[in-house]
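Q: According to our numbering, numbering within the sequence shown proceeds without interruption in unit steps and concludes at 339. From the three backbone atoms N, C-alpha and C, an ideal C-beta is built for every residue, glycine too. Predicted model, so just to flag it, every value in this text is computed and none were measured.
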Amino acid sequence: MSVLTPEFEFVDGADDSIRYLEHGWPTDLCRWHSHEVLELHLIVEGYGKSFVGDYIGEFAPGALFLIGPHVPHNWVTDEFGDFEAIPLRDMLIQFSLGSIQKLRKAFPDFHELDALLQRATGGLEFVNFDKAEAQHALAEIKDASGADRILKFLTFLLRLNHHPHQKILSVSDIAYSSFTAKQSNIAKVVDYIIVHFAEDISLEAAAEMANMSVATFARNFKKLTGSRFTEFVTRVRIGQACSMLQATDQKIATICHEAGFKNLANFNRHFLRVKKTTPSAYRGVTRTELQNKIVITDG
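#1: Scan the region 179 to 260 and note each continuous alpha helix (DSSP H) run of 4 residues or more that stays entirely inside, going in chain order.
#2: Measure the beta-carbon distance from Phe99 to Gly108 and round it to whole angstroms, keeping in mind my assumption that it falls under 8 Å.
#3: Spell out a yes or no on whether the region 64 to 83 and the region 117 to 134 are touching, meaning 3 or more CB-CB pairs, one atom from each, closer than 8 Å.
#4: Does the distance from the CB of Val235 to the CB of Arg275 come in under 8 Å?
#5: Nearest-angstrom Cα distance between Ala255 and Ser224?
#6: Tell me the rounded alpha-carbon separation between Gln286 and Leu104.
#7: By the DSSP assignment, the alpha helix (DSSP H) with Phe307 in it spans what residues?
#8: For His203, which residues of its own chain have a beta-carbon under 7 Å away from its beta-carbon, when the five flanking residues on both sides are left out?
#9: What is the C-beta distance between Gly266 and Gly93, in whole angstroms, given that I count them as a contact (C-beta under 8 Å)?
#10: Measure how close the beta-carbons of Val230 and Met249 come, nearest whole angstrom, since I'm counting them as under 8 Å.
#11: Cβ of Ser57 within 8 Å of Cβ of Phe135?
#12: If you draw a straight line from the C-alpha of Glu152 to the C-alpha of His297, how long is it?
#13: What does the Cβ neighbour count give for Phe307, buried or exposed, with the cut at 16 atoms within 10 Å?
#14: Should Gln280 be labelled buried (16 or more other beta-carbon atoms within 10 Å of its own) or exposed?
#15: Just to confirm the assignment, what range does the beta strand (DSSP E) spanning Asp130 have?
#16: Drop a sphere of 10 angstroms on the beta-carbon of Gly186, count the other beta-carbons inside from all chains shown, and report buried for 16 or more, exposed for fewer.
#17: To the nearest angstrom, how far is the alpha carbon of Leu69 from that of Leu198?
#18: Compute the Euclidean distance between the alpha carbons of Ala184 and Glu79, then round it to the nearest angstrom.
#19: Within its chain, find whatever has a CB closer than 6 Å to the CB of Thr117; leave out the 5 residues flanking it on each side and keep chain order.
#20: The alpha helix (DSSP H) that contains His110, what's its start and end?
#21: Determine the closest residue to His172 out of Phe269, Thr328, Thr317, Ile83, with distance taken between C-alpha atoms.
#22: Which value, in whole angstroms, describes the spacing of the CA atoms of Phe123 and Lys291?
#23: Can you name the residues that DSSP bridges to Thr117?
#24: Identify the residues that DSSP records as bridge partners of Arg352: which are they?
#25: Count the other C-beta atoms from every protein chain shown that fall within 10 angstroms of the C-beta of Asn251, then say buried if there are 16 or more, exposed otherwise.
#26: Tell me where the beta strand (DSSP E) around Phe272 begins and ends.
#27: Note down the Cα distance separating Gly138 from Ser283, rounded to an integer number of angstroms.
#28: Rounded to the nearest angstrom, how far is the Cβ of Arg277 from that of Gly300, given a contact under 8 Å?
#29: Expressed to the nearest angstrom, what Euclidean distance is found between the alpha-carbon atoms of Phe272 and Leu304?
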């Protein structure tokens, strides 16, 4: 029996204990996918939406994540107005859990990382971590080699372990141990929703896209994403609305329709349920936070 999974990303770690990668946006590397290694991921530039397991949220420059093995993830940049390509959006390091386990066996003191790695099984965000510090640390790891690279990486990992604001992202157990390398039909539907959120996307049409019966699709979609189909679509639309509330001066009624909602009352109800606040209050708070960050940066 085949297992429906997000697109699996093969990582060849035969020669290196850790692997450094970086890329800009847009790129074909950004899609809803998973892999067997852990990933430490820094957003260098851009604003958009994070998809980690069953979690959907917003990201900004400096967002730093630790994603556990087999957890589906993607970061999608918002492209408003005269959007220009981003040369360097992502800096990331991939490493295997096995290498850490061997280290702990040889040096028991490294067991202090156990709790951090356990929290990362559903995805972890290091909230308000200093962007300059993270970018500098990853750049040093990139430029180092051999044992020096490993030591720099472990030093930074221990630094993250003591960061006081760590947010667990995905609450559903949707990590699998038996992924295939082929892109699944469910993952294609997820990617379609992320791009076409403003369109009418029915359960029946999605099931047809995945070449499944409605019942089979609904069951497997819930198993894979942690959310029912309609709830996932709603949360993607709310995420888009949040981005527009932060980045544009459009009226809330306009944002409501551009995010895919049919009427303002329905939009307000779902927004309050998901974000625990109103759209106007959300816009005010997030813009105040952004202004405060700008003041701090300039000072």
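A: For this structure:
#1: 186 to 201, 225 to 235, 243 to 249
#2: Between Gly108 and Phe99 the Cβ distance is about 18 Å, and since that is not below 8 Å, they are no contact.
#3: yes
#4: no
#5: 17 Å
#6: 20 Å
#7: 304 to 315
#8: Phe166, Phe169
#9: 6 Å
#10: Going by Cβ atoms, the distance from Val230 to Met249 rounds to 11 Å, so no, they are not a contact pair.
#11: yes
#12: 49 Å
#13: buried
#14: buried
#15: 126 to 135
#16: exposed
#17: 28 Å
#18: 18 Å
#19: Trp65, Gly86, Gly88
#20: Element bounds for His110: n/a, residue is neither H nor E.
#21: The question names His, but residue 172 is Ala in the sequence shown. Residue Ile83 is the option with its Cα nearest to Ala172.
#22: 21 Å
#23: Gly88
#24: Here the chain has residues from 41 to 339 only, and residue 352 is not among them.
#25: exposed
#26: Taken as a continuous stretch (DSSP letters only), Phe272 belongs to no beta strand (DSSP E), being part of the alpha helix (DSSP H) at 269 to 287.
#27: 38 Å
#28: 4 Å
#29: 19 Å
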